[in-house]
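Under the working numbering, the first residue of the sequence shown is numbered 619, with each subsequent residue one higher. This report concerns only the one structure given below.
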Amino acid sequence: MTPTSDPRALRRDTLVDTVDHVIQHSVELDGLQRTFTVIGAPTAPAARPLVLVFHGSRQDGESHRRFTHDALLPLATSGEAVVAYLDGYRGHWNDARRESSFAARRRGVDDVAFARMVVDRLEASHGIDPARVVTVGYSNGGQMVFRLLHEAPELVSAAVIIAAAMPAPESFLASPSAPAARPTPIALVHGTRDPIVPFEGGTMRWWARRLFRVGGRSLSALETAAYLAARNGLDGPPEVTPLEAAASSDGRTTVIRTRYSTPDIPSVTLYEVRGGGHTVPGLRPSPRMVGRTTADVTLADLVAEAVSLA
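Take a look at the structure:
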């Protein structure tokens, strides 16, 4: 590791140096240098799935890796998939919320084209299967996945969306469409005590709108799941199941699984984390300021399942 006086660089280098086959890429798009970090050996095996990870507001790919405690590392190092952590423009993705006013929106950054470019680059360098792309998004990154599902459905073969709810129709820049051009298995995770994106839908609190430079109204988590299920052609009632507590659970959260499923149609599943916050599920908690984290379902397990369905 090269000595440096920048503590952020020290943390980044320490994380990278512990893993083989970590490559930082830079590509040019519309006059901007866009960056992403790839984990996974370029040489073997061929035709692996690709996991594209979209971070939350005011993060980048490396800070999101730390925020999620590198939960997807085993998936990449085992050779089951290539994992790419993409970097937004100045900490944001140009998602499909009409009222967004952060720099990526003001500049009109084409993040859909960026995602396509990453897939093309990794097909050439790592031999990934472009028909097996799993998109994973947290918060603003989850909003970016909603945009991809509507504007680039051919790119997404499975999705995991955490702490994000569909914009209401009047707040959605993309065109709501039913049925979906490509029905896709989707897992949603949302805490009932999310202090930033209300589980019940509606508008974010004033401080969150100001801090993250977003506005408008969103559907509730349950309405989001029902909307995505209808897009997939799932018209029956969901199966609602309380999940058993994990051995590592602290008992402060419980998880209710609402699954829309029909044979031969990709399912849509909402994991309702009762008592949970604006957090990524896993064995290690998120910072206390964003609320409680559940261990009854984990990011690693959700993404591994999505990879198996892709």
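Glycine included, each C-beta is placed from N, C-alpha and C at the ideal position.
Tell me whether residue i sits in a helix, a strand or coil according to DSSP, three-state version.
i, result
"Glu862", "coil"
"Leu901", "coil"
"Pro803", "coil"
"Ser757", "coil"
"Thr636", "For Thr636, the pLDDT reaches just 47, beneath the cut-off of 50, and the residue's location in the model is therefore unreliable, leaving the point undetermined."
"Glu717", "coil"
"Thr620", "No answer about Thr620 holds up, because its pLDDT of 28 lies below 50 and its placement is not dependable."
"Ala847", "helix"
"Ser867", "coil"
"Val778", "strand"
"Pro663", "coil"
"Asp705", "coil"
"Arg910", "strand"
"Ser879", "strand"
"Pro787", "helix"
"Arg652", "strand"
"Gly679", "helix"
"Val815", "coil"
"Ser836", "strand"
"Pro692", "helix"
"Pro884", "strand"
"Arg892", "strand"
"Thr810", "coil"
"Thr686", "coil"
"His768", "helix"
"Leu920", "helix"
"His744", "helix"
"Leu829", "helix"
Quick one, are the C-beta atoms of residue i and residue j less than 9 Å apart?
i, j, result
"Gly674", "Asp705", "no"
"Val807", "Val774", "no"
"Thr880", "Gly854", "yes"
"Tyr707", "Ala722", "yes"
"Met762", "Leu647", "no"
"Gly820", "Ser718", "no"
"Arg877", "Glu857", "yes"
"Gly658", "Ala699", "yes"
"Pro860", "Thr872", "yes"
"Ala924", "Pro801", "no"
"Ala776", "Gly759", "no"
"Gly851", "Pro797", "yes"
"Thr686", "Leu917", "yes"
"Ala799", "Glu772", "yes"
Whole-angstrom Cβ separation of residue i and residue j, contact assumed at under 8 Å?
i, j, result
"Phe790", "Arg716", "7 Å"
"Leu920", "Val778", "5 Å"
"Arg683", "Phe732", "That pair is no contact at about 18 Å."
"Arg831", "Phe672", "Actually they do not touch by this definition, with Cβ atoms about 17 Å apart."
"Ser795", "Arg849", "7 Å"
"Val645", "Leu740", "With 8 Å as the limit, Val645 and Leu740 do not qualify as a contact, their Cβ atoms being about 11 Å apart."
With a threshold of 9 Å between beta carbons, is residue i in contact with chain D?
i, result
"Ala731", "In the structure shown, chain D does not exist; there is a single protein chain."
Give the single residue among the options whose Cα lies nearest to the Cα of residue i.
i, options, result
"Ser696", "Glu741, Arg666, Phe732, Arg831", "Arg666"
"Ile746", "Arg724, Val701, Pro905", "Val701"
"Leu837", "Leu927, Asn850, Pro816", "Pro816"
"Gly869", "Gly760, Gly893, Ala749, Ala848", "Gly893"
"Ala805", "Arg739, Val727, Val898", "Val898"
"His639", "Phe830, Thr686, Leu691, Ile780", "Leu691"
"Arg811", "Arg725, Arg724, Gly909", "Gly909"
"Tyr766", "Ala847, Ala714, Gln642", "Reading off the sequence shown, one finds Leu at residue 766, where the question assumed Tyr. Closest option to Leu766, Cα to Cα, is Ala714."
"Asp729", "Trp711, Ser743, Arg739", "Trp711"
"Thr661", "Ser795, Arg725, His744, Arg739", "His744"
"Arg725", "Pro903, Ala847, Arg875, Leu650", "Leu650"
"Ile780", "Ile641, His768, Gly895", "Gly895"
"Ile874", "Arg902, Ala839, Leu901, Ser795", "Ala839"
"Met907", "Asp882, Arg676, Ile814", "Ile814"
"Ser681", "Val645, Arg835, Gly709, Met822", "Gly709"
Is residue i near the ligand GDP - that is, is its Cβ less than 8 Å away from at least one heavy atom of it?
i, result
"Gln761", "No copy of the ligand GDP appears in this structure; indeed no ligand is present at all."
At least three beta-carbon pairs within less than 8 Å, the region 865-873 to the region 910-927: yes
Okay, do the region 843-859 and the region 883-903 touch, 3+ Cβ pairs below 8 Å being the bar? yes
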